[in-house]
Amino acid sequence: MADKTAAKKTETAEPTQCECARYDAIPADLTEADLESGDFEILTTGCTATTKRQFAPGHDAKLKSALIRWGALGLDIRRNEGGVATSASPAKHASRYAFARMVTAGVKRAQDKAADKARRAQERAAKKAAPKQPKKVTAKVGRATFTGHMDGDHFVYEVKGKERRTLKFQAV
């Protein structure tokens, strides 16, 4: 019985703009001068579909992924309803739909991933900037075996606290 009433509702409903087309995102750090000049990029879902339902087929997923992506980038997300744009967080906008918890988790996961990536890049930069320790090499000089490092063609080692260099050695 419910299927018949749902079918009747969609048959009599007028086609409207898909829900995902109502959302857009702009940089969060815009000044009033930037807003007036229009010198910024507005990100949209790119939807132009009309439907008798809330979403065109698959467009709920399209909106969900856009909210996650925009939230992770820290953009100001707006919902346009009759010429009035309402700004809110991705979680607040998604609270109208069944996928709200997925948006919240996705934004958190994306932010954690970005923070982890920045941390790894910082560690790599610190590792590059740190002075390199010479690689330990064991070599035979005369009858004795010493541990030291290579400096060009020279084998550098210590004997009784003094540094020695030689070209005549055999790697062990």
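Positions 44 to 215 (this note's numbering) are the ones given, in order, by the sequence shown.
Think of the CB as a built atom: it goes at the ideal place given N, C-alpha and C, for glycine as much as any other residue.
In terms of Cβ geometry, A64 and I120 do not form a close pair [threshold 8 Å]. The residues F83, in chain order, have a CB closer than 6 Å to that of D77 in the same chain once the five nearest residues on each side in sequence are set aside. Looking at F98, E75, A158 and E201, the one whose alpha-carbon comes closest to that of Y66 is F98.
Assignment of S80 by DSSP, reduced to helix, strand and coil, places it in the helix class.
S130 has R121 as its beta-bridge partners, per DSSP. Closest by C-alpha distance to A131, out of L110, A141 and T91, is L110. Assignment of E62 by DSSP, reduced to helix, strand and coil, places it in the helix class. In the assembly as shown, K107 is a buried residue. Its beta-carbon has 16 or more other beta-carbons within 10 Å. Between A115 and V150, the C-beta spacing is below 8 Å.
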